[in-house]
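In order, the protein sequence lines correspond to chains A, B and C.
With the working numbering applied, the first sequence covers 1 to 174.
With the working numbering applied, the second sequence covers 1 to 492.
With the working numbering applied, the third sequence covers 1 to 551.
Contents: one structure, followed by commentary.
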Amino acid sequence: MSEEIIQIETPFQFSEENKREFDELIGRYPVKEAAMLPTLHLAQRQEGYITPAVMKYVAELLELSVMKVKDVVTFYPMFFEEPVGKYVIRICHTLPCALRDCKVVLDHLKEKLGTDVASETNLAKGTTDDGKFTLMKVECLASCDVAPVIMVNDDLYKNLTPEKVDEILEQLPN
Amino acid sequence: MVQEKRILYEHLDVPNINTFDVFRQHDGYTRFEKAIAEYQPEEIADMVKEAGLKGRGGAGFSTGEKWSFVPRDIEPRYLCCNADESEPGTFSNRYVLEKNPHLLIEGILICCYAMGIETTYIYIRGEFTLGKKMLDAAIKEAYEQGYLGENVRDTGLNINIYSHPGAGAYICGEETGLIESLEGKRGQPRNKPPFPAVQGVFMKPTVVQNVETLCNLPFIVGNGVEWYTQMGPTYGDARFDPPKADPNTGTKLYCISGDVNEPGVYELELGLTCTELIEVAGGLRGEEVKAVIPGGSSAPILTQYELDTRLDFTSLTLAKSMLGSGGIIVMNETRNIVDCLLNIMKFYAHESCGQCTPCRWGTPWVRDIVQRIADGEGRQTTITRPKFGITESGRWGDTGETEEIYEDLDLLENVANNIANVDTMTWNTICVFGIAVSWPAVSYMRKFRPEFEAAIRESKLVTLPVAEATVPPEENYAYQQRIIPKEMVDLE
Amino acid sequence: MAFIKLNDLEIEVEDGTNIVEAAREHDIEVPHYCYHPGLSRPANCRMCLVEPYGPIPGAPPGTIGPARQLATGCTLTVRSAPPERKLEEKFDAIIRTDSDRVIKAREDILEFLLVHHPLDCPVCDQAGECDLQDFSYRHGHDKSRYLEVKNVPPKKDLGPDVLLYSTRCIVCTRCIRFCDEVSGSGELGLINRGSHDEIDIPRSHEGTPIQLLDNKLAGNVVDICPVGALISKDFLFKSRPWFMEKANSICTGCSVGCNVTVEYKTDGLYRIKPRFHGDINQHWMCDDGRLGYHYVNSDDRLQLPQKRVEEELVTTQWADALTLISDNLSEVEADDIVVIGSAQGTNEDNYVLQQFAHDVLKTTQLGLFGQVPGEEHKFPQFTIEADKNPNTAGARTILGSANGNVVLEDDALWEKVAGAKVVYLVSGCPERPLKDTEKDALEKVEFLIVQDVLPSEVTQLADVVLPGTTFAEKDGTFTNSSGWVQRIRKAIDPPGEAQADWEITQQLAKRLGGEIDYHFAGEIAIAIAENVEGYGDATHQNIGDAGIKLT
């Protein structure tokens with residue numbers, strides 16, 4: 001016998017605004033599948049992370065099997081399959097940042113937030129207990145001239161020192 | 001001192017250059033208008049070829065030649081702009097996108113006109129949220145101003161540009177990986193042939209160009225081929241008799257980071273030396289240059305003895321390295337090369353797409369070996385093998401000589417070379433990611449072997465003084481084989 | 001045609017042939033994993049690297065040498081080149097599969113493939129038919145240089161019949177491509193990236209499946225898995241491949257007539273695997289057919305004749321059963337007898353049956369019986385037909401082949417049966433539920449002879465039950481829905497005293513003074529070839545393993 005399949009209690013659906021954006025997106029490509037990444041970004045913005053319901057919904061929209069969506073979601077690190085904090089802090093740790101002491105910033109962040117660094121398959125590990133922050137390491141953010149850098153959600157912060165990190169964290173609204 | 005020559009970046013810091021009006025005041029879109037008014041599409045393509053423009057994304061392939069492979073009888077054709085800037089050490093496209101996106105749009109318009117393309121996708125890194133915002137706003141303005149959409153400026157051209165966000169995969173910067181990703185799949189590079197020029201996105205002929213390459217087009221059209229070719233050296237390719245012109249024309253957005261006082265993007269004519277560039281970037285931060293990575297993290301490293309190498313496509317290739325994306329990372333005497341290699345190998349192990357066997361399982365293996373060495377657990381064996389000669393007692397017999405074998409260094413080199421062989425430049429992988437892994441692995445190890453040996457011998461990372469850490473030129477495989485190219489003027 | 005030099009052979013191949021196939025035709029092994037002739041070619045395993053020759057850049061014209069990069073043999077196709085591009089003035093391509101570079105490349109790739117492989121051949125079902133095992137012996141290193149801890153991805157349950165031992169997987173993606181291209185259902189894909197790549201069905205982050213690998217062609221992924229990663233639950237730990245005998249046969253699950261290999265030991269069938277046929281089933285078969293063999297091994301199989309004694313069926317001896325039948329038959333008018341053949345039976349069974357009816361019983365009232373129609377399933381590259389019998393077309397033609405024979409089916413048949421005194425019904429259908437009309441009609445028959453393989457609703461109504469045989473226990477031919485006549489071969493002995501259906505019919509005929517005297521199925525096929533229109537070439541010898549198509 002094989003396992004039971006998941007029962008999705010509340011199906012996911014795009015909000016009206018996102019549906020409009022999706023309808024505009026889909027017209028850009030000769031095949032629907034090509035809208036995959038932008039559609040997933042849109043869904044993640046709405047839902048916070050990619051749930052099975054989201055995958056099913058996206059698969060239906062793009063006329064694909066669910067696995068094709070899952071396949072893509074697991075390939076790209078920017079898509080989350082677990083809930084993340086309100087602020088996702090991405091810290092670059094590739095060579096140019098490493099040469100500019102990103103480790104000091106990372107250690108400071110870990111201590112300050114009281115959390116470990118998330119791994120791609122275990123985001124909970126890097127999420128603070130209050131669900132405000134998720135700390136994750138990322139590869140080069142293409143800002144090596146202003147290293148070390150972090151991204152807090154969509155915003156890039158440059159030339160960091162522990163003091164600057166403190167300032168940034170403080171000015172973030174709850 | 002070499003002076004900056006700002007062309008692409010000339011108006012970068014003009015306030016509000018990201019808006020149509022300000023861009024327009026600084027010659028914006030006039031080059032596109034000139035292209036349409038004065039030239040046939042084929043003439044533009046010829047100009048690009050004559051200008052000797054080489055792709056700025058990494059491979060340095062002649063743009064004009066690339067365009068010539070595109071069959072013009074198959075419709076539709078596509079342009080994919082590669083704005084997935086992810087090579088560690090590279091950050092010049094980001095500024096174009098964030099500050100001067102209209103320049104890119106103008107470049108795209110010229111390319112579309114030259115190639116008869118109606119649809120362009122700009123594949124932009126998912127992390128470039130600001131860049132995408134600015135770009136989208138600029139695209140919107142360009143539509144409003146009639147430079148995009150149906151019947152552009154009453155020329156009968158239909159040109160659409162769409163931005164397409166990536167989602168954090170380095171491999172999507174490889175042109176066929178980008179195409180797969182754009183099609184909504186994993187960014188796994190395709191087998192070549194067929195090349196994208198023939199079968200690219202949606203299996204149609206596709207031109208894939210880097211942001212910087214496209215941004216060069218307005219200036220080639222605007223100021224002419226002659227003006228353009230005066231910048232940068234043109235070498236003679238000695239494989240041909242008489243030598244064929246091998247252009248390294250134009251400027252390059254050199255991204256310099258690491259141990260320099262003023263890291264940043266410097267737009268300079270191609271062909272200055274490594275030492276000169278460090279000087280431009282405010283000089284070295286530290287006492288001595290230990291190593292320089294000349295073209296993004298995939299490029300083979302240069303030692304202090306190789307700093308006279310000119311930073312252009314030809315010179316670096318002949319020096320067994322590459323200009324790549326122009327990301328220069330400088331390391332001073334305090335840096336440990338083993339540690340740097342470990343950082344880079346972690347990057348590649350994380351970013352391997354996992355499609356083909358050698359890369360999927362070879363890359364993490366290389367990382368593991370470097371990790372082992374960095375952790376002080378590298379293996380070393382003293383081999384005693386009979387060596388016959390006159391022994392101390394004056395008789396013929398086994399002299400009892402021993403040999404030190406650093407097994408893990410041999411293994412590292414061997415495994416890396418099995419992914420992609422740096423000596424023969426052959427690889428068993430689908431794409432060039434394989435060589436991007438073995439190039440740093442093998443070059444760091446060979447050029448800074450004493451530091452690797454020290455880490456194994458002492459069972460911990462040891463940072464040796466620069467002179468001791470570096471293999472002397474006479475033992476440096478690349479230094480021994482490097483060829484200093486001669487400029488065309490010299491040959492004439 | 002392209003004229004190529006492959007190693008030292010100078011051979012002609014069809015335009016568009018790839019090197020792996022061209023080499024295979026000439027018994028040169030180009031090892032490969034991801035390449036499968038029935039699927040697209042991603043060239044991701046990199047195992048089939050070969051060395052193409054061509055002009056050397058910069059050298060004088062006409063000089064040729066090995067190309068800088070090796071090429072994958074699966075994607076490298078050859079075609080006829082214009083004269084100016086011929087190599088050595090006559091070849092369209094020159095390829096080496098045995099050069100030092102190629103041999104080294106294979107060794108290197110194999111080393112990478114085995115880096116994370118658990119080397120658990122002793123407990124792996126695939127051992128003995130594993131490409132990884134075989135190629136490692138032939139082309140690999142003898143020891144591993146990998147010292148670190150191996151990846152140990154979990155074992156996964158993918159669907160009703162398929163297990164995934166992820167540790168053994170080499171991520172060749174054949175299974176994914178099968179589900180995308182052949183079944184079109186797309187349940188399989190990769191998760192994660194790089195060395196953490198795993199094959200999986202879609203699951204929630206916690207691991208609960210969103211969709212199972214439950215399409216009707218799913219079993220094929222087990223066949224095409226080149227290693228022991230995808231395993232059939234049905235076959236799990238049952239037998240080592242080398243202990244089983246094999247017989248080429250035809251699937252009896254529907255009228256497509258998939259070519260199969262029946263694998264068996266003396267105690268029964270162990271598994272059925274598809275066998276390539278370019279015009280019928282390609283490389284595939286459906287799970288209904290694949291897993292539908294269990295009835296052959298059933299303990300309930302009819303092993304002795306049975307007769308009705310005071311409402312109960314009791315076993316009896318052949319002699320007794322035959323006497324009983326001949327007694328009943330001899331007193332009945334020909335018009336009151338209906339002889340019903342089976343679409344599950346072979347052409348040979350049905351030929352002897354119609355001969356018995358026509359020549360001995362002098363009846364022309366024949367019928368055709370078979371499985372209840374099921375659903376048709378269409379896939380992008382495969383169809384499962386609604387007719388669940390392997391030989392409807394053949395039985396229909398052959399039963400009606402003698403002068404004046406009428407083959408009744410469905411309602412007309414049951415109407416006729418209802419008015420008959422004696423009915424001789426050959427069934428051979430495992431689990432055949434009866435519709436009310438069918439049941440009513442059969443109940444009205446005074447003396448019902450049923451020849452079958454398992455107790456069923458049909459045998460329940462019989463006055464005499466004769467134990468027949470399944471496809472695995474006899475030789476013969478089937479004619480599929482598209483007119484292909486194909487052979488089945490005897491794999492195992494029938495259980496108990498069960499006999500091939502034509503043998504039983506022949507014995508009955510002899511009892512009644514008939515002169516039917518065949519010794520083996522092939523002899524009947526010759527008679528069919530002589531007497532049945534369209535079957536002129538359909539002797540066993542002609543049909544062979546490839547089958548022949550009726551014209």
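Just so you know, even glycine gets a beta-carbon here, dropped at the ideal spot from N, CA and C.
Measure from the C-beta of residue i to each C-beta in chain A and report whether the shortest distance is under 9 angstroms.
i	result
H294/C	no
N82/B	no
T208/C	yes
A137/B	no
P88/B	yes
N192/C	yes
D287/C	no
Y494/B	Residue 494/B is absent from the model: chain B starts at 1 and stops at 492.
G184/B	yes
Return the bridge partner residues of residue i from the DSSP annotation.
i	result
L190/C	I199/C
E121/B	A quick correction: the sequence has Tyr, not Glu, at residue 121/B. In the DSSP output, where bridge partners are listed per residue, Y121/B has C80/B, Y162/B.
I293/B	I329/B
H26/B	H26/B pairs with nothing; no bridge assigned.
T426/B	N421/B
E148/C	Answer is none; E148/C lacks a bridge partner.
S65/A	Its beta-bridge partners do not exist; DSSP assigns none.
D452/C	P467/C
I553/C	An answer regarding residue 553/C cannot be provided, because it is not within the stretch 1 to 551 covered by chain C.
Less than 7 angstroms between C-beta atoms, sequence neighbours within five positions excluded: which residues of the same chain meet that for residue i?
i	result
Y146/C	V115
F452/B	V338, I373, L409, M445
N133/C	Sequence check: residue 133/C is Gln here, not Asn. Same-chain partners within the cutoff: C121, A127.
W318/C	P305, E497
Can you find a C-beta in chain B that's less than 9 angstroms from the C-beta of residue i?
i	result
I109/C	yes
Q69/C	yes
Y157/A	no
P30/A	yes
K125/A	no
D71/A	yes
Is residue i close to chain C? Criterion is C-beta to C-beta, closer than 9 angstroms.
i	result
G236/B	no
C493/B	The shown model of chain B, from 1 to 492, leaves out residue 493/B, and the question about it has no answer.
K202/A	An answer regarding residue 202/A cannot be provided, because it is not within the stretch 1 to 174 covered by chain A.
K352/B	Rather than Lys, the amino acid found at residue 352/B in this sequence is Ser. At least one chain C Cβ lies under 9 angstroms of S352/B.
R360/B	yes
For residue i, collect the residues of the same chain with a Cβ closer than 6 angstroms to its Cβ; drop the 5 residues on either side in sequence, then sort them by chain order.
i	result
G268/C	N297
P485/B	Y235, T314, S315, L318
G327/B	E87, G89, T90, C255, G296
Apart from the five residues on each side of it in sequence, which residues of its chain come closer than 8 angstroms, Cβ to Cβ, to residue i?
i	result
G400/C	Q354, L366, V406, V407
Is it the case that the stretch 326-342 of chain B contacts the stretch 290-300 of chain B, given that we only count it when at least three CB pairs across the two stretches are under 8 angstroms?
Enough Cβ pairs lie closer than 8 angstroms, so yes.
Any 3 or more C-beta pairs closer than 8 angstroms across the stretch 280-293 of chain C and the stretch 213-225 of chain C:
Taking 8 angstroms as the limit for Cβ pairs, the verdict is that the stretch 213-225 of chain C does touch the stretch 280-293 of chain C.
At a CB distance below 7 angstroms, what residues from the stretch 147-162 of chain C approach chain B? Give them in sequence order.
Correct list: E148.
Near-chain C residues of the stretch 47-65 of chain A (beta-carbon distance less than 9 angstroms), N- to C-terminal order
From the stretch 47-65 of chain A, only Y49, I50, T51, P52, M55, K56, A59, L64, S65 have a Cβ closer than 9 angstroms to chain C.
Should the stretch 127-147 of chain A be called in touch with the stretch 343-352 of chain B, which here means at least 3 C-beta pairs below 8 angstroms?
In short, these stretches touch, since the Cβ pair count reaches three.
Touching by the beta-carbon criterion (3+ pairs, under 8 angstroms), the stretch 80-88 of chain A and the stretch 121-130 of chain A
Because the criterion of three Cβ pairs below 8 angstroms is met, the stretch 80-88 of chain A and the stretch 121-130 of chain A touch.
Counting pairs of beta carbons, one from the stretch 44-54 of chain A and one from the stretch 7-14 of chain A, are three or more of them closer than 8 angstroms?
Yes: at least three Cβ pairs fall under 8 angstroms.
Is the stretch 433-442 of chain C touching the stretch 402-421 of chain C in the sense that three or more CB pairs, one from each, lie closer than 8 angstroms?
They touch, by the three-pair rule.
Okay, do the stretch 88-106 of chain A and the stretch 153-163 of chain A touch, 3+ Cβ pairs below 8 angstroms being the bar?
The stretch 153-163 of chain A and the stretch 88-106 of chain A touch, with three or more beta-carbon pairs separated by less than 8 angstroms.
Flag this pair as touching only if the stretch 187-201 of chain B and the stretch 195-204 of chain C have three or more C-beta atom pairs under 8 angstroms; answer yes or no.
Output reads no: the stretch 195-204 of chain C does not touch the stretch 187-201 of chain B.
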